[in-house]
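A.B. asks: Here's a structure for you.
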Amino acid sequence: METVKPGYIVIYTPYITKNGRRIYASSYGKKAFRLEIPLDKYRR
971 METVKPGYIV IYTPYITKNG RRIYASSYGK KAFRLEIPLD KYRR
């Protein structure tokens, strides 16, 4: 299990958008991408 830096929240998402195109984690043999978001930029 990986640790989270203080002041960050971890989000798991099945795809990310890069240059207007969706990149799916399944294309890279993963179920989801792991993103570390600073708490001051995180919104629900």
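All residue numbers for the sequence shown refer to my numbering, where the first residue is 971 and numbers rise by one. In this text, a Cβ means the ideal position worked out from N, Cα and C, and glycines have one as well.
1) If you drop the 5 nearest sequence neighbours on each side, which residues of the same chain put their C-beta closer than 8 Å to that of residue 978?
2) Go to residue 1005, then tell me how far its beta strand (DSSP E) extends in each direction, as first and last residue.
3) Tell me, please, which residues DSSP counts as bridged to residue 982.
4) Assuming contact is defined by CB atoms lying nearer than 8 Å, are residue 988 and residue 995 in contact in what I supplied?
C.D. replies: Reading off the structure:
1) For the purposes of this step, residue 978 is identified with residue 8 of the sequence shown, where counting begins at 1. 1006, 1007, 1008 and 1009, listed in sequence order.
2) Stepping through the sequence shown from its first residue, residue 1005 is reached at position 35. Residues 1003-1008.
3) If you number the sequence shown from 1, residue 982 lands on position 12. According to DSSP, residue pairing for residue 982 in a beta bridge involves 1004.
4) As a first step, residue 988 must be located in the sequence shown, where it is residue number 18. As a first step, residue 995 must be located in the sequence shown, where it is residue number 25. Contact: no.
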